Amino acid sequence: MEAVYVMEGMISKEFCKIQDTHSRLGGGHLSGDKWAQGLSTKLMEMTHGQWLVRNFLIHDNVSGMLALERKEDLQIAIEEQQEMGMDGLAEEDRYLMEINLVDLEAMEKKVTLPYLAFRDAKNNK
């Protein structure tokens, strides 16, 4: 039996027969059909949970991989501009040179951690 079928809840009827025998011998209280339904449900819940975690790790706006890549690109651009100084920087953008990257990173952590805790608490209701 292919793993894809099992993860989609398609379980061989042989497993149902084995569970029925197990139940008749006093080893369980579930019929083979009920056991297979429960197993299918658990497998689908598990794969859905894995999908949610993967989706969060990649797409979350605050701590996902795509957000981290954007932050790294922005930090590189800021560092490059700081090395060049005011050259090529428009007058209205010169205030950006006053950004302290260490303070910016510390501020981000102060904002990100409570946000993640709030979001997790809200999602677990």
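In terms of this note's numbering, the sequence shown is residues 1490 to 1614.
In this text, a Cβ means the ideal position worked out from N, Cα and C, and glycines have one as well.
Quantities reported herein were computed from a predicted structural model and do not represent experimental measurements.
If you ignore the 5 residues before and after residue 1554, its C-beta comes within less than 7 Å of the C-beta of 1546, 1547, all in its own chain and listed in chain order. If you ignore the 5 residues before and after residue 1500, its C-beta comes within less than 7 Å of the C-beta of 1525, 1528, 1529, all in its own chain and listed in chain order. When the Cα atoms are used, residue 1517 and residue 1511 turn out to be separated by approximately 6 Å. In this structure, DSSP gives residue 1575 a state outside helix and strand, which the three-state scheme calls coil.
Taking the Cα positions, residue 1557 is about 22 Å away from residue 1586.
Residue 1550 carries a coil assignment under DSSP once its states are collapsed to helix, strand and coil. Assigned with DSSP and collapsed to three states, residue 1567 falls in helix. In the three-state reduction of the DSSP assignment, residue 1555 falls in the helix class, which pools H, G and I.
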